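FYI, the numbering for the sequence shown is 461 to 632, going by this note's numbering.
All residues carry an ideal CB built from backbone N, CA and C; glycine is no exception.
Since the structure is predicted, the reported quantities are computational estimates derived from the model, not experimental observations.
Worksheet: one structure, shown below.
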Amino acid sequence: YKDAKWGMTKAQVKSILAVSIISQSTEPNDDGDTSIIFDLGNGKKLSAFFYNNKFYDAEFEPGLGDDDHNGVDAIIEGLYKKYGKKFKSVPNMVNVLHIPLRVAVWDDGVTKITLQMQDPAVYNNTYPSSTLIILYKSDKIEEEKKISQRHQENENNEKEKKKTLKRVQDDL
461 YKDAKWGMTK AQVKSILAVS IISQSTEPND DGDTSIIFDL GNGKKLSAFF YNNKFYDAEF
521 EPGLGDDDHN GVDAIIEGLY KKYGKKFKSV PNMVNVLHIP LRVAVWDDGV TKITLQMQDP
581 AVYNNTYPSS TLIILYKSDK IEEEKKISQR HQENENNEKE KKKTLKRVQD DL
């Protein structure tokens, strides 16, 4: 986002964005991430996620109100200009409340960009532009994270296997 680059530390991202912070975590969550939520003004927010203190994931909420067709169109046009009109539409996605989503994904080999919004076809009287969010993710650091998590999972499985083996063999 803006001049923040993948792999920067939390301190570097804070310094570059130089905006108010809504909240930040210091301890990693279950996925090993820490985060900072920035207030970009006018209802806009940026959630920045860090793995091993490396910036790798951002969620931009543009702060649109409902029925803001022009705002949605402007964002989509901006994404087309920046990333091209060639994107992948992802069918049959739902959010945690099982509300259908409209999803478009661009991937330039460095960053995966995902635009998602609740499907307007679900709503009778309101265009759900307030649900629009843009997700940015570092391909490289995301892969590094997945490899590390698989390695940790394998280590945990080995430890558990050794415990079980010892327990069972002790009974023999």
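In this structure, T469 sits away from N502, with a CB-CB distance that is not shorter than 8 angstroms. Runs of the beta strand (DSSP E) spanning 3 or more residues and lying entirely within the stretch 531-588 occur at 560-567, 571-578, in chain order. Cβ-Cβ separation between V479 and A508: approximately 11 angstroms, too far for a contact (criterion under 8 angstroms). About 12 angstroms separates the beta carbon of I496 from that of I476, a gap too long to meet the 8 angstroms contact definition.
For W466, same chain residues with a beta-carbon under 8 angstroms away, outside a window of 5 residues either side, are K514, F515, Y516, V570, T571, S598, K600, I601 in chain order. Our two residues, K546 and D579, have alpha carbons roughly 21 angstroms apart in a direct line. N584 and K505 have their C-alpha atoms roughly 28 angstroms apart. The continuous beta strand (DSSP E) containing D499 extends over residues 493-501. The Cβ atoms of D493 and Y511 lie closer than 8 angstroms to each other.
DSSP places L625 in the uninterrupted alpha helix (DSSP H) bounded by 599-630. When DSSP reads this structure, Y596 sits in a beta bridge with A518, I573. Straight-line measurement puts the Cα of R627 at about 30 angstroms from the Cα of I607.
Straight-line spacing of the CA atoms in L595 and E615 works out to 31 angstroms.
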